[in-house]
Every structure is written in structure tokens, then in C-alpha cells.
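Visitor:
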Amino acid sequence: MKTCNILKRIKDRIPYSWLLLYEMWGYWRRLLKYNASFATDDDMQKMQYTLLRENHVIEKGMSMRNPRKGFGQEKVSALIKRLRKYNTLYGNSDRSFLIYPLSTIKAYIKYQHEDAVNIPDIEDKFLNLCQEVGIDPNALITAAGVYTTDSGNLRRDAMGNFESLLYSRHSIRYFKEELPAKERIERALELAARTPSACNRQAWHTHIYMGADSHRLLDMQGGCNGFADNIHCSIVVTADMKGFLDYEPFQCYVDGGLYAMNLINTLHYEGLGTIPLSCGFYSTKLKMIQKSFDIPDNEVMVVIIGCGELTEEVKIAASSRKEVCKTNVFH
Numbered sequence: 118m119k120t121c122n123i124l125k126r127i128k129d130r131i132p133y134s135w136l137l138l139y140e141m142w143g144y145w146r147r148l149l150k151y152n153a154s155f156a157t158d159d160d161m162q163k164m165q166y167t168l169l170r171e172n173h174v175i176e177k178g179m180s181m182r183n184p185r186k187g188f189g190q191e192k193v194s195a196l197i198k199r200l201r202k203y204n205t206l207y208g209n210s211d212r213s214f215l216i217y218p219l220s221t222i223k224a225y226i227k228y229q230h231e232d233a234v235n236i237p238d239i240e241d242k243f244l245n246l247c248q249e250v251g252i253d254p255n256a257l258i259t260a261a262g263v264y265t266t267d268s269g270n271l272r273r274d275a276m277g278n279f280e281s282l283l284y285s286r287h288s289i290r291y292f293k294e295e296l297p298a299k300e301r302i303e304r305a306l307e308l309a310a311r312t313p314s315a316c317n318r319q320a321w322h323t324h325i326y327m328g329a330d331s332h333r334l335l336d337m338q339g340g341c342n343g344f345a346d347n348i349h350c351s352i353v354v355t356a357d358m359k360g361f362l363d364y365e366p367f368q369c370y371v372d373g374g375l376y377a378m379n380l381i382n383t384l385h386y387e388g389l390g391t392i393p394l395s396c397g398f399y400s401t402k403l404k405m406i407q408k409s410f411d412i413p414d415n416e417v418m419v420v421i422i423g424c425g426e427l428t429e430e431v432k433i434a435a436s437s438r439k440e441v442c443k444t445n446v447f448h
């Protein structure tokens with residue numbers, strides 16, 4: 118008890134600014150050790166995460182409305198090269214990881230064949246890698262690449278039970294020209310307001326941009342090259358830093374992230390297509406976006422949600438999910 122009282126007195130005498138600086142310093146040290154930009158291929162998990170990111174770039178290209186003919190060949194070749202390196206470094210530890218990206222490359226080759234594009238060099242590299250790994254390419258049946266579905270099915274499943282809502286929600290990269298009705302977005306916002314927040318502070322905010330403003334925002338965001346003009350409504354989810362105290366400097370991202378996921382689901386429930394777009398940028402870029410789009414400095418950008426009216430047929434990236442046993446530990 119005496120020790121606790123002493124620590125409390127010390128804490129009370131230290132300015133909050135120094136406490137925050139100490140928190141930032143501790144986080145900076147962890148970033149240097151664990152961030153995937155540093156010594157990426159020296160750590161199996163870092164390499165896996167970055168390979169999944171590179172793999173999704175290929176899936177994303179196939180799920181666009183009108184991708185450039187023969188797109189992505191350099192990226193696929195680079196992915197194969199890194200997968201070969203992964204197999205050399207970590208194949209004995211987790212060879213099963215390779216099944217999903219190899220399945221994506223197989224789907225990519227099939228996609229190009231259907232588009233009358235010959236890519237013999239990539240095919241050879243793919244077959245050689247499968248041989249090195251010891252995987253029969255004909256046995257690759259993991260969900261990968263893209264598939265086409267009817268938007269009516271998505272809307273029907275979104276109105277079903279909670280399980281069917283989750284399984285039917287996908288990232289959509291193109292929409293009808295017509296703007297989503299304001300009333301439907303407002304209904305989704307009302308439902309998303311049921312999101313739990315730290316001490317019920319509800320410090321989230323949304324900024325909605327339509328038409329040319331949406332296109333300009335997404336051009337500045339830069340993560341949807343090739344399909345920004347197909348997204349006619351963008352919702353920026355932010356969280357207000359004023360809502361949190363000195364010992365919870367990152368809580369705004371937690372509360373904002375919870376709200377954003379609920380909003381994505383409620384928009385889907387309302388029959389609208391969605392795609393979450395990252396706000397993971399350096400502060401200089403975030404400040405530029407916030408200034409250009411009148412987002413207050415006290416709000417942190419959490420995610421941009423592109424949304425719109427679904428076309429009759431929709432191309433969807435398979436985006437295979439990890440087994441729960443690989444992401445969970447019962448203690």
C-alpha cells in the first residue's frame with residue numbers, strides 16, 4: 118500500500134506531457150523491434166504478413182471492374198521470388214502457409230488465360246516453385262483469386278441472420294453511377310451508433326463525401342489506383358482525441374475501429390456495397406488530407422469506407438481466411 122501511495126505521489130508531480138512522451142518512447146522501441154518494415158525476412162511472421170499483403174494486391178487487381186489487360190505480371194513474378202525465399206528460410210517450419218498464395222497465383226494464371234493473355238514465364242516459375250515446395254498444383258483448391266456473384270444474393274444474405282451477414286460481406290471495388298440515398302446511409306449510421314465505446318464516450322465522427330469530392334479524396338488517399346472513379350461515396354471515420362485521457366493515447370483508434378466495422382456491416386445490411394480503405398500513412402499525408410477536406414485536427418482518421426449501389430453482377434476477391442487455431446490461444 119505504501120509503495121502504491123508513493124508511486125501515485127510521483128505520478129501526480131509529473132506533467133502529463135512527460136507521461137505521454139514516456140508512452141511514445143516505449144511504443145517507439147516496440148515499433149523498432151516488431152514493425153514489419155524492419156528486418157522483414159528475418160522473422161517468419163513478419164514475412165508471412167507482408168506476403169499476404171502482396172498476395173492481396175493480385176486478388177485486388179482481379180476484382181476490379183475492367184482491369185488492364187495482362188495486368189500485374191511484375192508483381193506476380195516478385196511474389197513468386199519472395200515465396201521461393203520463404204520456402205528456403207521457413208518451409209520446414211510452416212510450409213502450409215504457401216498454399217494460399219500459390220492458389221492465388223494459379224487463379225491469376227487461369228484469369229489471364231481466359232483473357233487470352235499468354236504468360237509462359239510466370240507459369241514456368243509457378244510450376245518450378247510448386248515442385249520445390251512439394252505441392253501438386255492440381256491439388257490447390259484453397260479459395261483464392263476472384264469469383265462473380267449476383268448482387269441480389271448479397272442483399273438477401275445481408276438481411277438474414279448474423280452469420281449470413283458476415284459471410285456475405287465483401288470488399289467491392291466498383292458501383293453503379295447513382296449515388297446511395299442519404300436516408301439509407303443515415304439508417305446505417307443510426308445502427309452503427311450502437312457500437313460500444315470506452316466509458317460510453319462515443320468519440321467517433323463521420324465525414325461523408327459524394328461524387329467528385331469522393332473521387333478527389335480517394336485519389337489523394339492513393340490506395341485505390343484504377344478504381345477510385347468507380348467509388349462515388351466515401352465515408353471517413355474519425356475519432357476525437359479530446360475524448361481520451363493521458364493513459365489511453367491509442368484508445369481513439371480502438372473505439373474508432375470498432376465503430377467503423379459496425380458501420381461497414383450496417384451499410385451492408387442496408388444493401389450497399391462497401392470497401393474499407395486504409396488511413397495508415399505518415400502524419401504529413403494525413404494532415405494534408407484533413408486540411409483539404411475540412412476534417413478537424415483534433416480528430417484522427419481511422420479508415421475511409423467507400424460505398425455505393427451494387428451492380429447486378431459483382432466480382433469479389435476470395436481472400437481466404439486463416440484457421441482460428443492459428444490466430445487464437447486458449448489460456
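The sequence shown begins at 118 in the working numbering and counts up by one. Each residue gets a CB set at the ideal place from its N, CA and C atoms; glycine is no exception. Quick caveat: nothing in here was measured; it's all calculated off a predicted structure.
Hey, I258 and V193: beta-carbon distance below 7 Å or not?
Guide: The residue labelled residue 258 in the question sits at position 141 within the sequence shown. The residue labelled residue 193 in the question sits at position 76 within the sequence shown. No, Cβ-Cβ distance for I258 and V193 is not below 7 Å.
Visitor: Please report the Cβ distance between D357 and A320, rounded to the nearest whole angstrom; I am assuming they are in contact, meaning their Cβ atoms lie under 8 Å.
Guide: Mapped onto the sequence shown, residue 357 falls at position 240. Mapped onto the sequence shown, residue 320 falls at position 203. Going by Cβ atoms, the distance from D357 to A320 rounds to 4 Å, so yes, they are a contact pair.
Visitor: Could you check whether V371 and T323 sit closer than 7 Å to each other, using their CB atoms as the reference points?
Guide: Mapped onto the sequence shown, residue 323 falls at position 206. Mapped onto the sequence shown, residue 371 falls at position 254. Contact flag unset, no.
Visitor: Could you give the DSSP three-state label for E294: helix, strand or coil?
Guide: Numbered from 1 along the sequence shown, position 177 holds the residue referred to as residue 294. Of the three classes helix, strand and coil, the one that applies to E294 here is coil, per DSSP.
Visitor: Which residues does DSSP list as the beta-bridge partners of T391?
Guide: Position 274 of the sequence shown, counted from the start, is the residue given in the question as residue 391. According to DSSP, which records beta bridges pairwise, T391 is partnered with S288 and C424.
Visitor: Since I352 sits in a beta bridge, which residues does DSSP pair it with?
Guide: The residue labelled residue 352 in the question sits at position 235 within the sequence shown. Bridge partners of I352: I325 and I422.
Visitor: Here's a check: name, in chain order, each residue in its chain whose Cβ is nearer than 7 Å to the Cβ of S180, leaving out the five neighbours to either side.
Guide: Mapped onto the sequence shown, residue 180 falls at position 63. Correct list, in chain order: V263, R290, K432, I433 and A434.
Visitor: Three-state secondary structure (DSSP) at Y264?
Guide: Counting from 1 along the sequence shown, the entry for residue 264 is found at position 147. DSSP places Y264 in strand when its eight states are reduced to three.
Visitor: For K402, name the three-state secondary structure that DSSP assigns.
Guide: In the sequence shown, the residue the question calls residue 402 occupies position 285. Helix.
Visitor: Check for me: the alpha helix (DSSP H) holding A435 runs from which residue to which?
Guide: Along the sequence shown, read from residue 1 onward, the residue named residue 435 stands at position 318. Here A435 belongs to no alpha helix (DSSP H), and DSSP marks it neither H nor E.
Visitor: Just checking, does the segment 421–432 make contact with the segment 344–353 on the three C-beta pairs under 8 Å criterion?
Guide: With a cut-off of 8 Å, the segment 344–353 and the segment 421–432 count as touching, because enough Cβ pairs lie within range.
Visitor: When the distance is taken between beta carbons, is L283 closer than 7 Å to V250?
Guide: Counting from one through the sequence shown, the residue named residue 250 turns up at place 133. Counting from one through the sequence shown, the residue named residue 283 turns up at place 166. No; because the gap between Cβ atoms is not below 7 Å, this pair is not in contact.
Visitor: Should L308 and T391 be called a contact, given that it needs their Cβ atoms to be closer than 7 Å?
Guide: By 1-based counting over the sequence shown, the position of residue 308 is 191. By 1-based counting over the sequence shown, the position of residue 391 is 274. In this structure, T391 does not lie closer than 7 Å to L308 by Cβ.
Visitor: Report yes if the C-beta distance between Y326 and L334 is below 7 Å; otherwise report no.
Guide: For the purposes of this step, residue 326 is taken as the residue at position 209 of the sequence shown. For the purposes of this step, residue 334 is taken as the residue at position 217 of the sequence shown. Going by C-beta atoms, Y326 is nearer than 7 Å to L334.
Visitor: With a threshold of 16 other CB atoms inside 10 Å of the CB of E416, please say whether the residue is buried or exposed.
Guide: Translated into the one-based positions of the sequence shown, residue 416 becomes position 299. With 16 or more other Cβ atoms within 10 Å, it is buried.
Visitor: Does DSSP classify D330 as helix, strand or coil?
Guide: The count along the sequence shown starts at 1 and reaches residue 330 at position 213. Three-state DSSP puts D330 in a helix.
Visitor: So, using beta-carbon positions, are F243 and I222 closer together than 7 Å?
Guide: For this step, residue 243 is matched to residue 126 along the sequence shown. For this step, residue 222 is matched to residue 105 along the sequence shown. Contact: yes.
Visitor: Measuring straight from C-alpha to C-alpha, what distance separates L206 and C247?
Guide: Your numbering for residue 206 matches position 89 in the sequence shown. Your numbering for residue 247 matches position 130 in the sequence shown. If you take the alpha carbons of L206 and C247, they lie about 16 Å apart.
Visitor: Would you call the segment 162–173 and the segment 138–149 touching, i.e. three or more CB-CB distances under 8 Å?
Guide: Flag = no, the segment 162–173 and the segment 138–149 do not touch.
Visitor: What number of angstroms, rounded off, separates the C-alpha of D253 from the C-alpha of N245?
Guide: Here residue 253 refers to the residue found at position 136 of the sequence shown. Here residue 245 refers to the residue found at position 128 of the sequence shown. If I take the Cα positions, the gap works out to 11 Å.
Visitor: To which residues of the same chain is V420 closer than 6 Å at the C-beta, ignoring the five residues directly before and after it?
Guide: Stepping through the sequence shown from its first residue, residue 420 is reached at position 303. Cβ within range, chain order: V354, A377, P393 and C396.
Visitor: Alpha carbons only, please: which of P132, I406 and M161 is nearest the one belonging to V209?
Guide: Walking along the sequence shown from the start, residue 209 turns up at place 92. What sits at residue 209 in the sequence shown is Asn, not Val. Cα-wise, what sits closest to N209 is M161.
Visitor: Just mark G373 as buried or exposed, buried being the case when its beta carbon has 16 or more other beta carbons within 10 Å.
Guide: Position 256 of the sequence shown, counted from the first residue, corresponds to residue 373. It is buried - the Cβ of G373 has at least 16 other Cβ atoms within 10 Å.
Visitor: What's the call for H287, buried or exposed, on a 16-neighbour Cβ count within 10 Å?
Guide: As a working note, residue 287 is residue 170 in the sequence shown. Its Cβ being crowded by 16 or more others within 10 Å, H287 is buried.
Visitor: By Cβ distance, which residues of its chain are closer than 8 Å to M405, with the 5 residues on each side in sequence left out?
Guide: Residue 405 sits at position 288 when you count from the first residue of the sequence shown. Closer than 8 Å at the Cβ level, and outside the excluded window around M405, lie M337.
Visitor: At the level of alpha carbons, what is the spacing between N235 and Q229?
Guide: Here the question's residue 235 lines up with position 118 in the sequence shown. Here the question's residue 229 lines up with position 112 in the sequence shown. Approximately 7 Å, taken between the alpha carbons.
Visitor: In whole angstroms, what separates the C-alpha of Y225 from that of K177?
Guide: Translated into positions along the sequence shown, residue 225 becomes position 108. Translated into positions along the sequence shown, residue 177 becomes position 60. Those two C-alpha atoms are separated by around 11 Å.
Visitor: Going by Cα to Cα distance, which pick from L296, D241, T157 and P313 is closest to Q368?
Guide: Within the sequence shown, residue 368 is the residue found at index 251, counting from 1. Per the Cα distances, P313.
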